[in-house]
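Line by line, the protein sequences give chains A and B. Residues in the first sequence are numbered from 1404 upward in steps of one, following my numbering. Residues in the second sequence are numbered from 2 upward in steps of one, following my numbering. Glycine is no exception: its CB is placed at the ideal position from the N, C-alpha and C atoms.
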Amino acid sequence: MIKAESLTHYYGPYPAIQDVNFGVRRGEILGFLGPNGAGKTTTMRIITGFLPPTRGTVTLDGYDVVEQSLEARRRVGYLPETVPLYTDMSVNNYLKYMGTLRGMAPSAIKPRLSDVIDVCRLGDYRKTHIGKLSKGFRQRVGIAQAILHQPQLLVLDEPTIGIDPIQVVETRKLIQELGRDQTVVLSSHILPEVSMICDRVLIINEGHIVAEDTPKNLADGLQGVERLEVEIGGPAAEVLPVLKAIRGVHDVSHTNRDGRHTYMIQADAGQDLRDAISQVVIGNGWSLRGLQMVGMSLEEIFLRLTTHEEL
Amino acid sequence: MRTAQAVAWKEIQIYFSSPTAYIVGLIFLALTGFFFTQDLGDPFPEATLTPFFDGAIIVFILLAPALTMRLLAEESKLGTIELLLTSPVRDWEIIVGKYVASIVFFLVLVGLSFLYAILLFVYASPDPGPIYAGYLGLILYGSAALAIGLLTSTMTNNQIVSAVVAMGILLALFFADRAFGSISGKAGEIVGEMGLRGHYDDFARGVIDTTNIVYFVSVIAFFLFLSIRTLESRRWR
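This is the structure:
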């Protein structure tokens, strides 16, 4: 559906994104993840044809967004990050207007309008001026205009920013439902959100794609180290050096919470040290109170990938 | 084309529901009403709309930019331009739609001023030629002023900047005919011919000259063209 090749965009002398390549399959939900200023919005603006790339190309369904802009734009529904709306129009009139701009026939707009208003739960606010709506409802109007014309591709820039937690859950559910028949590209800096909704994640930082995989693979594969959380009944001063001496142990950190001693053991990749640890603990006459493998959270992977630091 | 209609219709609705447009209308009617009645106190008043036409074109230097400043500057400011430009709408459809809306509102204002003409026809027997020609001139002049205002609105996201720059261009064009005397040779002639007022005065005297019609239509086409290119330039690499 989308094919982006060596996308580069400069704002003056400053590169916002550099040599970004990616593809999106039809029916996929792709998440752009990255800190603020990483280049997510710039990338989405290029996809939607709002901003021309300084270098590189994007095609939507085979249509170049610059050269065949009109054809490409026909396929897109877009929700910009700021949710720009005409505040002096009613929800109904606004959606009708956007439908017409998107090339819908007047006869097609009417039935579709009531569907979309149902889906976005705007029923009680059809006649309300958009200026009087709260942020959460404006967001719904923004989503409504993006899906109104049933575009093949939905581009949602930070769709859950600034709305209350209940609405966030609703919005995520809505996006997942939409993702069943449409291709969705969304951006977020909230990691659990992306791992929950998306089929695939692109982690973008300082204008470069630093990782690309399914949320699960990112969490499983990229970590490089396995971690174990162990709670041991025994004097910490003695336990620590013993644990560190086990073959395959990379590092051990110790925390004491109200007399409960837990140790975070980092093992080299691919090592399962559970047996070794339990034998050592019991062999020393201490008690093993808990032993658990801890995967790396997306959050940690994200930090690792974007801050150039070892955890 | 249907999208241009939709853009125009939306803008017309906004004109008729926004205070700015009504304030512009009020000022226009109050001032031109004053110009119209000005000479009526003379012992031998002339049944003519010339004072009205002469005044109206000055009033429009100030009011036309006020009508057009919102058109695209506000879209840039609110960010709605992002949705407009990512919709499958051609740039000319946006510009033409917005322009037509401003023309419609302007024609309503001009239509209200027909009252002056009706009063003249009821209470006196004016020469109809200069009145018809004058209205044609006023409509062409106003349409040109609105095209200039639309261009400046396309260039900025600040409505005040748009209005002030448009007023500057209008004033410069208004007084350009002074170049006839002050700049010597061909240059003075060229600049002078660009003047709005010189081409308007014939209409007010009841003369419909094709040259003048071509002049105003060219000004309108030129500024609309620039507006479309300016909007389009957002997509240039």
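Can a CB atom of chain B be found closer than 9 Å to the CB of glycine 1506 (chain A)?
-> yes
| message | Excluding the 5 residues flanking valine 90 (chain B) on each side, which residues of the same chain have their C-beta closer than 7 Å to its C-beta? | response | Thr4
Query raised in the report: Any idea if aspartate 1678 (chain A) is buried or exposed, counting beta-carbon neighbours within 10 angstroms, 16 or more meaning buried?
Result: exposed
| query | Cβ of glutamate 1474 (chain A) less than 9 Å from any chain B Cβ? | reply | yes
Open item on the list: For a contact defined as C-beta to C-beta under 9 Å, what are the partners of glycine 1452 (chain A) on chain B?
Closed with: Leu86, Thr87 and Arg236
Practice task
Pick helix, strand or coil for glutamine 1695 (chain A), following the three-state DSSP scheme.
Solution key: Assigned with DSSP and collapsed to three states, glutamine 1695 (chain A) falls in strand.
Taking the alpha carbon of isoleucine 1635 (chain A) as the reference point, which residue from A:Ser1690, A:Asp1422 and A:Met1599 has its own alpha carbon closest?
A:Ser1690
* Between the Cα of histidine 1552 (chain A) and the Cα atoms of A:Gln1695, A:Met1507 and A:Ala1407, which residue gives the shortest distance? -> A:Met1507
Checklist line | Start-end ranges of the alpha helix (DSSP H) lying completely within the segment 1494 to 1582 of chain A, minimum 4 residues | finding: Note on the segment 1494 to 1582 of chain A: whole alpha helix (DSSP H) runs with a minimum of 4 residues are 1494 to 1504, 1509 to 1522, 1538 to 1550 and 1568 to 1581, in chain order.
Within 9 Å of any Cβ in chain B, is that where the Cβ of methionine 1501 (chain A) sits?
Chain B, which has a Cβ nearer than 9 Å to the Cβ of methionine 1501 (chain A), makes this yes.
If leucine 110 (chain B) and phenylalanine 29 (chain B) are in contact, beta carbons under 8 Å, what's the gap, nearest whole angstrom?
Right, their Cβ atoms sit about 5 Å apart.
Phenylalanine 37 (chain B) beta carbon near the ligand MG (any heavy atom closer than 8 Å): Of the ligands one can find in the structure shown there are none, so the ligand MG has no counterpart to examine.
- Message: Quick check: the Cα distance between proline 1509 (chain A) and valine 1519 (chain A), rounded to an integer number of angstroms?
- Response: For proline 1509 (chain A) and valine 1519 (chain A), the gap between their C-alpha atoms comes out near 15 Å.
- Query: Secondary structure at alanine 125 (chain B), three-state DSSP: helix, strand or coil?
  - Reply: coil
### Task
Return the chain-ordered list of same chain residues with a C-beta closer than 8 Å to the C-beta of isoleucine 62 (chain B), the five sequence neighbours on each side being excluded.
Excluding sequence neighbours, isoleucine 62 (chain B) sits near Ala146, Met168, Leu171, Leu172 and Phe175.
| message | What are the residues in the segment 89 to 116 of chain B lying within 8 Å of chain A by C-beta distance? | response | Pro89, Val90 and Arg91
Which first and last residues belong to the beta strand (DSSP E) in which phenylalanine 176 (chain B) is found? Careful: phenylalanine 176 (chain B) lies outside any beta strand (DSSP E) and carries neither H nor E.
Query raised in the report: If you scan the segment 13 to 93 of chain B from start to end, which runs of the alpha helix (DSSP H) of 4 or more residues do you find wholly inside it?
Result: Counting whole runs of 4 or more residues, the segment 13 to 93 of chain B contains the alpha helix (DSSP H) stretches 20 to 39, 51 to 69, 71 to 79 and 81 to 87.
Spatial neighbours of histidine 200 (chain B) within its chain, please: C-beta separation below 6 Å, excluding the five flanking residues on both sides.
Asn213 and Tyr216
- Alpha carbon to alpha carbon, what distance is there between arginine 71 (chain B) and isoleucine 13 (chain B)? 12 Å
Give every residue of the same chain whose Cβ lies closer than 8 Å to the Cβ of valine 208 (chain B), excluding the five residues on either side of it in the sequence, and list them in chain order.
Ala134
Report task. In the DSSP assignment, find the unbroken beta strand (DSSP E) run with threonine 1665 (chain A) in it and report its ends. Result -> 1663 to 1671
With a threshold of 16 other CB atoms inside 10 Å of the CB of alanine 1475 (chain A), please say whether the residue is buried or exposed. buried
*Residues that DSSP places opposite valine 166 (chain B) in a beta bridge*: Valine 166 (chain B) is not bridged to any residue.
(Q) Taking the beta carbon of lysine 1443 (chain A) as the centre, do at least 16 other beta carbons fall within 10 Å, making it buried, or is it exposed? (A) Residue environment for lysine 1443 (chain A): buried (at least 16 other C-beta atoms within 10 angstroms of its C-beta).
Applying the criterion that 16 or more other CB atoms from any shown protein chain within 10 Å of the CB defines a buried residue, is glycine 130 (chain B) buried or exposed? Label assigned to glycine 130 (chain B): exposed.
Quiz item: Residues of chain A with CB under 7 Å from alanine 7 (chain B), in chain order?
Solution: Tyr1500, Thr1503 and Leu1504
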